[in-house]
Amino acid sequence: MNTKETLWFVGKCLSLSAHSERAEEIKKTIDSGNIDWHAVVYQSSNQLVLPAFYLNLKHNQLLEFLPEDLVIHLEEITNQNRERNRKIMLQTEQLTEILHQHGLNPVLLKGTAHLFDGLYVDIAERMLSDIDILLEKEDAKKAFQILMENGYSRLTKYGEAFFDEHRHFVSLIKEGEVAAVEIHHRMLEGKYDKKFNWQTVRANLIKLPQTEAYVLSDSDLILHNIMNVQMNDSAKAMHKTTMRQSYDLMLLSKRQNPLEVSKLFGSFFEDLNAYIALSADLLDYPKGLVFEEKKSVRRYIRRIHLIWTFPGTVNFFAKSYFLFFRFYRYVSQFLLFFISASVRRRIVKSLSDPMYYGQHWSMYKKWFS
6 MNTKETLWFV GKCLSLSAHS ERAEEIKKTI DSGNIDWHAV VYQSSNQLVL PAFYLNLKHN
66 QLLEFLPEDL VIHLEEITNQ NRERNRKIML QTEQLTEILH QHGLNPVLLK GTAHLFDGLY
126 VDIAERMLSD IDILLEKEDA KKAFQILMEN GYSRLTKYGE AFFDEHRHFV SLIKEGEVAA
186 VEIHHRMLEG KYDKKFNWQT VRANLIKLPQ TEAYVLSDSD LILHNIMNVQ MNDSAKAMHK
246 TTMRQSYDLM LLSKRQNPLE VSKLFGSFFE DLNAYIALSA DLLDYPKGLV FEEKKSVRRY
306 IRRIHLIWTF PGTVNFFAKS YFLFFRFYRY VSQFLLFFIS ASVRRRIVKS LSDPMYYGQH
366 WSMYKKWFS
């Protein structure tokens, strides 16, 4: 099996959450003896969907057709992830209670939100690294200080300039807790923040019954799922494959149509539609992931397939995009320095913060070390 065939097989297994009738077809594929289980485990792990892969096979009585030692391995990882997620949920409940005592009620984002809002049949399905919460900017600053006063500390020592430039504070960690905490004041970077932000989502927030926190509405969960990948993580520009988020989108599509939600975003629709199309391709076109057929979408999918066939090319695309973006950023900020007082203040503030230089240099080390 090559990379493309492996990803499609994993995706078809994940699609069982929406199409249990595919179990017989998957059984025949397994019985053929053509499955490279080492490749399947590698890609599932790399895409952070290994527990979801295991649980979909389990729920559809397909584990008996897998090698016994593989089933034991998958079960152990899934059990560990379930226990970790239980601890993350408890940690989330505790920190939201602390914030609530100070008059702050955060919005849970991404995987943290999905653990609480019932998206998964089993909380072990989702692998996540940190707890993401959203607050209005001034409240986010207060929340950061409150958690610092309650045993949390900075994961890195970057200063306030980091917060001004990025959509969230530096991560907070606490001894004895399993997850870092990221406090967001924006969900998206740059121009995209003007269309999708605290003000646009606050009226439709949903209060969680089990904790002093909120989650986004289903339509906003869909938008954030797509735009976080496409805009914040530059998935389209860097030709990334993000199966974990695509799986979440498929589950969200049971609640609301992603295409109809995406049509509300006019000039951003091309990127949103492309992501839905790639997610559909990854997951063997589940019925909920409908997209508009366009030449640009077909070209995009072909490029992704080429990268799956020749995986090394993704590093070239990613590094090229990073360098292009940094050059664009330097030039645009230099010009804005002379015409925008707010940009001028921000740049002076950043350059006056010694921690800013370490944070800035770390971006290059991440890509080229």
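Residue numbers (my numbering): 6 to 374.
Each residue gets a CB set at the ideal place from its N, CA and C atoms; glycine is no exception.
> On the premise that I35 lies in contact with M6, defined as a C-beta separation below 8 Å, what is that separation, rounded to the nearest angstrom?
Replying inline: To locate residue 6, count along the sequence shown from 1; it is residue 1. To locate residue 35, count along the sequence shown from 1; it is residue 30. In this structure M6 is not in contact with I35, their Cβ atoms being roughly 12 Å apart against a cut-off of 8 Å.
>> Suppose the cutoff is 7 Å on Cβ atoms and the five residues either side in sequence are ignored; what does the same chain contact list for I151 look like?
In response: Within the sequence shown, residue 151 is the residue found at index 146, counting from 1. Closer than 7 Å at Cβ, skipping near neighbours: I103, L104 and H107.
> For the putative contact between P111 and A57, defined by C-beta atoms under 8 Å, what is the C-beta separation to the nearest angstrom?
Replying inline: As a working note, residue 111 is residue 106 in the sequence shown. As a working note, residue 57 is residue 52 in the sequence shown. Distance from P111 to A57 at the Cβ level is roughly 26 Å; contact not present, criterion being Cβ atoms closer than 8 Å.
> So L120 and I93 are in contact, right, with Cβ under 8 Å, and what is the actual spacing, rounded?
Replying inline: For the purposes of this step, residue 120 is taken as the residue at position 115 of the sequence shown. For the purposes of this step, residue 93 is taken as the residue at position 88 of the sequence shown. Yes, L120 and I93 are in contact; Cβ-Cβ is about 7 Å, under 8 Å.
> Nearest CA to the CA of T101: which residue from Y59, W42, F201 and V220?
Replying inline: Taking the first residue of the sequence shown as 1, we reach residue 101 at position 96. Nearest Cα to T101 within the set Y59, W42, F201 and V220: V220.
>> Looking at I227: is its Cβ nearer than 7 Å to the Cβ of L277?
In response: On the sequence shown, position 222 is the one that residue 227 refers to. On the sequence shown, position 272 is the one that residue 277 refers to. Going by C-beta atoms, I227 is not nearer than 7 Å to L277.
>> For I188 and E182, what's the separation of their Cα atoms in angstroms?
In response: Numbered from its first residue, the sequence shown carries residue 188 at position 183. Numbered from its first residue, the sequence shown carries residue 182 at position 177. One alpha carbon belongs to I188, the other to E182, and they sit about 16 Å apart.
>> G195 and K179 - do their beta-carbons sit closer together than 7 Å?
In response: Working through the sequence shown from its first residue, we reach residue 179 at position 174. Working through the sequence shown from its first residue, we reach residue 195 at position 190. The answer is no: Cβ separation not under 7 Å.
>> Closest to L60 by C-alpha separation, out of I309, S337 and E130, would be which residue?
In response: Within the sequence shown, numbered from 1, the residue matching residue 60 stands at position 55. That would be E130, whose Cα lies nearest to the Cα of L60.
> Touch check for the region 279 to 296 and the region 237 to 252: three-plus C-beta pairs under 8 Å?
Replying inline: Counting Cβ pairs under 8 Å, three or more are found: they touch.
> Mind checking whether V15 and Q48 have CB atoms under 7 Å apart?
Replying inline: In the sequence shown, counting from the first residue as 1, residue 15 sits at position 10. In the sequence shown, counting from the first residue as 1, residue 48 sits at position 43. A distance below 7 Å separates the beta carbons of V15 and Q48.
> Taking Cβ to Cβ, would you say V54 is nearer than 7 Å to T11?
Replying inline: As a first step, residue 54 must be located in the sequence shown, where it is residue number 49. As a first step, residue 11 must be located in the sequence shown, where it is residue number 6. Taking 7 Å as the Cβ cut-off, V54 and T11 do not qualify as a contacting pair.
>> Could you tell me the alpha carbon to alpha carbon distance between G363 and R191, rounded to whole angstroms?
In response: Start at 1 with the first residue of the sequence shown, and residue 363 comes out as number 358. Start at 1 with the first residue of the sequence shown, and residue 191 comes out as number 186. Straight-line measurement puts the Cα of R191 at about 23 Å from the Cα of G363.
> On the premise that L160 lies in contact with L140, defined as a C-beta separation below 8 Å, what is that separation, rounded to the nearest angstrom?
Replying inline: Along the sequence shown, one-based indexing puts residue 140 at 135. Along the sequence shown, one-based indexing puts residue 160 at 155. For L140 against L160, the beta-carbon gap comes to about 19 Å, at or over 8 Å, which does not count as contact.
>> Using 8 Å for Cβ pairs, my map puts L213 next to L124. What's the rounded Cβ distance?
In response: The residue given as residue 213 occupies position 208 in the sequence shown. The residue given as residue 124 occupies position 119 in the sequence shown. About 13 Å; that fails the 8 Å criterion.
> S25 and L288: beta carbons closer than 7 Å?
Replying inline: Position 20 of the sequence shown holds residue 25. Position 283 of the sequence shown holds residue 288. Judged by their CB atoms, S25 and L288 are not nearer to each other than the 7 Å cut-off.
>> Given this structure, state the Cα-to-Cα distance separating I128 from R349, to the nearest angstrom.
In response: Against the sequence shown, residue 128 aligns to sequence position 123. Against the sequence shown, residue 349 aligns to sequence position 344. Taking C-alpha positions only, I128 is separated from R349 by approximately 46 Å.
> Per DSSP, E185 is paired with what?
Replying inline: Start at 1 with the first residue of the sequence shown, and residue 185 comes out as number 180. Per the sequence presented here, residue 185 reads as Ala, with Glu not at that position. D135.
> According to the Cβ coordinates, are S222 and N209 closer than 7 Å?
Replying inline: Locating residue 222 in the sequence shown gives position 217, where the first residue counts as 1. Locating residue 209 in the sequence shown gives position 204, where the first residue counts as 1. Against a cut-off of 7 Å, the Cβ pair of N209 and S222 comes out as a contact.
>> Does V206 pass the burial test, meaning 16 or more other C-beta atoms within 10 Å, or should it be called exposed?
In response: Within the sequence shown, numbered from 1, the residue matching residue 206 stands at position 201. So V206 ends up on the buried side.
> Between the C-alpha atoms of E1 and G293, what's the straight-line distance to the nearest angstrom?
Replying inline: Given a span of 6 to 374 for the chain in the structure shown, any question on residue 1 remains unanswerable.
>> Please return the same chain residues whose Cβ sits closer than 8 Å to the Cβ of K259, not counting the five positions on each side in sequence.
In response: Start at 1 with the first residue of the sequence shown, and residue 259 comes out as number 254. Within the same chain, K259 has close Cβ partners A23 and G293.
> If we ignore side chains and look at the alpha-carbon of each, how far apart do P291 and G116 end up?
Replying inline: Taking the first residue of the sequence shown as 1, we reach residue 291 at position 286. Taking the first residue of the sequence shown as 1, we reach residue 116 at position 111. Each residue's alpha carbon lies about 21 Å from the other.
>> Between the alpha carbons of I136 and L109, how many angstroms are there, rounded?
In response: For the purposes of this step, residue 136 is taken as the residue at position 131 of the sequence shown. For the purposes of this step, residue 109 is taken as the residue at position 104 of the sequence shown. For I136 and L109, the gap between their C-alpha atoms comes out near 16 Å.
>> Can you tell me whether L100 is helix, strand or coil according to DSSP?
In response: Here residue 100 refers to the residue found at position 95 of the sequence shown. Of the three classes helix, strand and coil, the one that applies to L100 here is helix, per DSSP.
>> Quick check on S337: does DSSP put it in helix, strand or coil?
In response: Within the sequence shown, residue 337 is the residue found at index 332, counting from 1. Helix, per DSSP.
>> Please return the same chain residues whose Cβ sits closer than 7 Å to the Cβ of E217, not counting the five positions on each side in sequence.
In response: One-based indexing of the sequence shown puts residue 217 at position 212. The answer, listed in chain order, is T101, E102, H105 and N110.
> Between Y197 and M236, which are expected to be in contact by the criterion C-beta below 8 Å, what is the C-beta distance as a whole number of angstroms?
Replying inline: Residue 197 sits at position 192 when you count from the first residue of the sequence shown. Residue 236 sits at position 231 when you count from the first residue of the sequence shown. Indeed, because the Cβ distance is near 5 Å, the residues count as touching under 8 Å.
> Thinking C-beta only, is L68 closer than 7 Å to W42?
Replying inline: Against the sequence shown, residue 42 aligns to sequence position 37. Against the sequence shown, residue 68 aligns to sequence position 63. Judged by beta-carbon spacing, L68 lies beyond the 7 Å limit of W42, meaning their Cβ atoms are not closer than that value.
>> For a minimum of 4 consecutive residues, which ranges assigned as the alpha helix (DSSP H) are wholly contained in the region 253 to 317?
In response: Entirely contained in the region 253 to 317, the alpha helix (DSSP H) runs reaching 4 residues are, in chain order, 263 to 267, 274 to 287 and 300 to 314.
> Taking buried to mean at least 16 other C-beta atoms within 10 Å of its own C-beta, is Q85 buried or exposed?
Replying inline: In the sequence shown, the residue the question calls residue 85 occupies position 80. By the 10 Å Cβ count, Q85 comes out exposed.
>> Please report the distance separating the alpha-carbon of N262 from that of F296.
In response: For the purposes of this step, residue 262 is taken as residue 257 along the sequence shown, with counting starting at 1. For the purposes of this step, residue 296 is taken as residue 291 along the sequence shown, with counting starting at 1. Rounded to whole angstroms, N262 to F296 spans 10 Å at the Cα level.
> How should W366 be labelled, buried or exposed, when 16 other C-beta atoms within 10 angstroms of its C-beta is the threshold for buried?
Replying inline: Position 361 of the sequence shown, counted from the first residue, corresponds to residue 366. Classification of W366: exposed, given that the 10 Å Cβ count is below 16.
>> To test your reading of the DSSP string, which unbroken beta strand (DSSP E) runs of 3 or more residues are found completely within the region 185 to 215?
In response: Listed in chain order, the beta strand (DSSP E) elements of length 3 or more contained wholly in the region 185 to 215 are 185 to 189.
> When you compare only the Cα positions, how much space is there between A145 and H78?
Replying inline: Working through the sequence shown from its first residue, we reach residue 145 at position 140. Working through the sequence shown from its first residue, we reach residue 78 at position 73. Rounded to the nearest angstrom, the gap between the Cα atoms of A145 and H78 is 41 Å.
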